[in-house]
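Participant: I'd like to ask you about the structure that follows.
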């Protein structure tokens, strides 16, 4: 599905990362593989260290910390927030929405919209789509998009497929009406027939968590996980990404009438270095234009990975400069989406530690 | 004769790379490495990375399928498809 938005812009990005850093080597002995094999994998996939929250920390803690930082530094005013969109797969409750919890904790005005969206790897794009649509309303001038996940709590420490790459974090993106006319091109596709390619099988209404669902089971590759844990069909997801993402990007750029050389950066979701480098090669994009350094430094925090890639790699440059950036998210759902937009002259673009 | 030597070299180079990844197996045997459990999906990632470096290519992501790594012959064909000259 092709989407087009007009006269919208991002005015600030903040990433909130937990201070706790875990090194790959420190967890290697939990995996049912030789050290030599794990180290080879580390090189290929870019596993090095990841940030995870301490026990008891939830996404509202990260989000409230980030938003308070913006209030205290006078980069955002509570009264200007007309909508709070939270994209997460780590809600605090089945009900109510966690965005309402955050609204209450922060003492935000009642005259606003709070909403949760259950999305992951493409959650930054879907959150931006929702923000752009809300901004078409006359009374909505500023939307705060918050992406947050703490999926380390749902990953088995003995699962070499997922544990080394998972990270926790949150991001705050301010989206507003643009004073300068612009057109933002985007697209999105979904395939629910592969809903179980990335899944936490138990814990919802269909399969409630029980002592049986918590039993650890060894898979064919020697990983141990329970039905309460996140499971990823890594091969299927890899093949899906390599098959679907390159044509999606080609279609997006073609529709926008932009060639690849004119795009300054390709800020993609950060599953692992190997997958991103293969995408860059397929699209004939220089690796330096498609950063792949988020998993190795912080881990993959789902929908937070793209704002983390932007804040970590571009930082203050986006305060004074402006770049044409292609965003792409792909994964759970399955969902794949991309956006081409100019980003720059931001009020803030930084990472803070919780 | 020269062509045969080059093909032999490619074959031997592939075997050497495989042996380095899984030293406990004999990859000179004419068997299916995937069916025999000699290579798992993470071995394939290590193999692709090493083949890319050694042959100065980038194997297409769409070609990273288990069947393309099942035998020396299939790996050789994959390399040729991805730009390695015979």
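Protein chains in written order, with the numbering used here: chain Y, 73 to 426; chain U, 147 to 232. From the three backbone atoms N, C-alpha and C, an ideal C-beta is built for every residue, glycine too.
#1: For residue 363 of chain Y, which residues from the same chain have a beta carbon less than 6 Å from its beta carbon, with the 5 sequence-adjacent residues on both sides left out?
#2: Kindly indicate the opening and closing residues of the alpha helix (DSSP H) around residue 196 of chain Y.
#3: Is it right to say residue 359 of chain Y is buried, meaning 16 or more other beta carbons lie within 10 angstroms of its own, or is it exposed?
#4: Closer than 6 Å by C-beta to residue 398 of chain Y: which residues in its own chain qualify, once you throw out the five before and the five after it? Chain order, please.
#5: Residue range of the alpha helix (DSSP H) that residue 346 of chain Y falls in?
#6: For a cutoff of 8 Å on Cβ pairs, would you count residue 207 of chain U as touching chain Y?
#7: May I have the straight-line CA-CA distance separating residue 167 of chain U from residue 129 of chain Y, to the nearest angstrom?
#8: Using a cut-off of 9 Å between C-beta atoms, extract the partners of residue 315 of chain Y located in chain U.
#9: Using the C-alpha atoms, what's the distance from residue 420 of chain Y back to residue 219 of chain Y?
#10: According to DSSP, which residues form a beta bridge with residue 135 of chain Y?
#11: List the residues of chain U whose Cβ lies closer than 7 Å to the Cβ of residue 306 of chain Y, in chain order.
#12: Quick test of your reading: residue 257 of chain Y and residue 203 of chain Y, contact by CB under 8 Å. State the CB separation rounded to the nearest angstrom.
#13: Leaving out five residues on either side along the sequence, give the residues of the same chain with a beta carbon under 6 Å from the beta carbon of residue 276 of chain U.
#14: Which runs of the alpha helix (DSSP H) spanning at least 4 residues fall entirely within the segment 329-412 of chain Y, listed in chain order?
#15: Contact between the segment 79-86 of chain Y and the segment 365-377 of chain Y: three or more CB pairs below 8 Å?
#16: Quick one: grab the DSSP three-state call for residue 249 of chain Y.
#17: Let's test the definition: count the other Cβ atoms within 10 Å of the Cβ of residue 227 of chain U and tell me whether it reaches 16, buried, or not, exposed.
#18: Measure the CB-CB distance between residue 162 of chain Y and residue 221 of chain Y and report whether it falls below 8 Å.
#19: What does DSSP give as the partner residue(s) for residue 44 of chain Y in the beta ladder?
#20: Among Y/409, Y/287 and Y/369, which one has its Cα closest to the Cα of residue 120 of chain Y?
#21: Would DSSP call residue 147 of chain U helix, strand or coil?
#22: Could one say the Cβ of residue 204 of chain U lies closer than 8 Å to chain Y's Cβ atoms, at least one of them?
#23: Using a threshold of 8 Å, state whether the C-beta atoms of residue 186 of chain U and residue 293 of chain Y are closer than that.
#24: Please work out which residues of its chain come closer than 8 Å, Cβ to Cβ, to residue 161 of chain U, disregarding the five sequence neighbours upstream and downstream, and give them in chain order.
#25: Contact criterion: CB-CB distance below 8 Å. Does residue 435 of chain Y meet it with respect to chain U?
#26: Contact check, residue 352 of chain Y vs residue 305 of chain Y under 8 Å by CB: the rounded distance?
#27: Between the alpha carbons of residue 390 of chain Y and residue 227 of chain Y, how many angstroms are there, rounded?
#28: Which of the residues in the segment 262-273 of chain Y, read from start to end, lie with their CB under 7 Å from any CB of chain U?
#29: Grouping DSSP H, G and I as helix and E and B as strand, with all else coil, what is residue 187 of chain Y?
#30: In three-state terms, what does DSSP make of residue 77 of chain Y?
#31: Taking 7 Å as the limit between beta carbons, can you name the residues of its chain near residue 158 of chain U, skipping five residues before and five after?
#32: Rounding to the nearest angstrom, what Cα-Cα distance links residue 126 of chain Y and residue 92 of chain Y in this structure?
Facilitator: Reading from the atomic positions:
#1: Within the first chain, numbered from 1, the residue matching residue 363 of chain Y stands at position 291. Excluding positions up to five away in sequence, the list reads 381 and 385.
#2: Counting from one through the first chain, the residue named residue 196 of chain Y turns up at place 124. Here the alpha helix (DSSP H) through residue 196 of chain Y covers 195-206.
#3: Here the question's residue 359 of chain Y lines up with position 287 in the first chain. Burial call: exposed.
#4: In the first chain, counting from the first residue as 1, residue 398 of chain Y sits at position 326. The answer, listed in chain order, is 335, 338 and 412.
#5: Translated into positions along the first chain, residue 346 of chain Y becomes position 274. Counting along the chain, the alpha helix (DSSP H) containing residue 346 of chain Y begins and ends at 345-355.
#6: For the purposes of this step, residue 207 of chain U is taken as the residue at position 61 of the second chain. Interface residue, yes.
#7: For the purposes of this step, residue 167 of chain U is taken as residue 21 along the second chain, with counting starting at 1. For the purposes of this step, residue 129 of chain Y is taken as residue 57 along the first chain, with counting starting at 1. Whole-angstrom Cα-Cα distance: 40 Å.
#8: Start at 1 with the first residue of the first chain, and residue 315 of chain Y comes out as number 243. Near residue 315 of chain Y (Cβ distances below 9 Å), the residues of chain U are 207 and 208.
#9: As a first step, residue 219 of chain Y must be located in the first chain, where it is residue number 147. As a first step, residue 420 of chain Y must be located in the first chain, where it is residue number 348. Spanning the two alpha carbons is a distance of roughly 17 Å.
#10: To locate residue 135 of chain Y, count along the first chain from 1; it is residue 63. Residue 135 of chain Y is not bridged to any residue.
#11: Taking the first chain and counting its residues from 1, the one referred to as residue 306 of chain Y is at position 234. Those within 7 Å of residue 306 of chain Y in chain U are 187.
#12: For this step, residue 257 of chain Y is matched to residue 185 along the first chain. For this step, residue 203 of chain Y is matched to residue 131 along the first chain. Residue 257 of chain Y to residue 203 of chain Y, Cβ: 16 Å. No contact.
#13: In this structure chain U extends from 147 to 232, so residue 276 of chain U is not present and cannot be described.
#14: 345-355, 366-369, 377-386 and 389-392
#15: no
#16: Numbered from 1 along the first chain, position 177 holds the residue referred to as residue 249 of chain Y. In this structure, residue 249 of chain Y counts as strand in the three-state DSSP scheme.
#17: Here the question's residue 227 of chain U lines up with position 81 in the second chain. Residue 227 of chain U is exposed by the Cβ-count criterion.
#18: Translated into positions along the first chain, residue 162 of chain Y becomes position 90. Translated into positions along the first chain, residue 221 of chain Y becomes position 149. Contact: yes.
#19: Here chain Y comprises residues numbered 73 to 426, so residue 44 of chain Y is not present and cannot be evaluated.
#20: As a first step, residue 120 of chain Y is located in the first chain; it is residue number 48 there, counting from the start. With distances taken between CA atoms, residue 120 of chain Y lies nearest to Y/369 out of Y/409, Y/287 and Y/369.
#21: Start at 1 with the first residue of the second chain, and residue 147 of chain U comes out as number 1. For residue 147 of chain U, the pLDDT reaches just 49, beneath the cut-off of 50, and the residue's location in the model is therefore unreliable, although a value from the coordinates is still provided. Correct three-state label for residue 147 of chain U: coil.
#22: Numbered from its first residue, the second chain carries residue 204 of chain U at position 58. For residue 204 of chain U, the nearest beta carbon of chain Y is closer than 8 Å to its own beta carbon.
#23: Here residue 186 of chain U refers to the residue found at position 40 when the second chain is read from its first residue. Here residue 293 of chain Y refers to the residue found at position 221 when the first chain is read from its first residue. Yes; because the gap between Cβ atoms is below 8 Å, this pair is in contact.
#24: To locate residue 161 of chain U, count along the second chain from 1; it is residue 15. 173, 174 and 218.
#25: Here chain Y covers residues 73 to 426 and nothing more, so residue 435 of chain Y does not appear.
#26: Sequence index remark: in the first chain, residue 352 of chain Y carries index 280 (1-based). Sequence index remark: in the first chain, residue 305 of chain Y carries index 233 (1-based). 23 Å between Cβ atoms; not a contact.
#27: Residue mapping note: residue 390 of chain Y aligns to position 318 of the first chain, counting from 1. Residue mapping note: residue 227 of chain Y aligns to position 155 of the first chain, counting from 1. Rounded to whole angstroms, residue 390 of chain Y to residue 227 of chain Y spans 34 Å at the Cα level.
#28: none
#29: Within the first chain, the letter at position 115 stands for residue 187 of chain Y. Note: residue 187 of chain Y maps to strand in three-state DSSP.
#30: In the first chain, the residue the question calls residue 77 of chain Y occupies position 5. Note: residue 77 of chain Y maps to strand in three-state DSSP.
#31: Here residue 158 of chain U is taken as the residue at index 12 of the second chain, counted from 1. Contacts found: none.
#32: For the purposes of this step, residue 126 of chain Y is identified with residue 54 of the first chain, where counting begins at 1. For the purposes of this step, residue 92 of chain Y is identified with residue 20 of the first chain, where counting begins at 1. Their Cα atoms are separated by approximately 7 Å.
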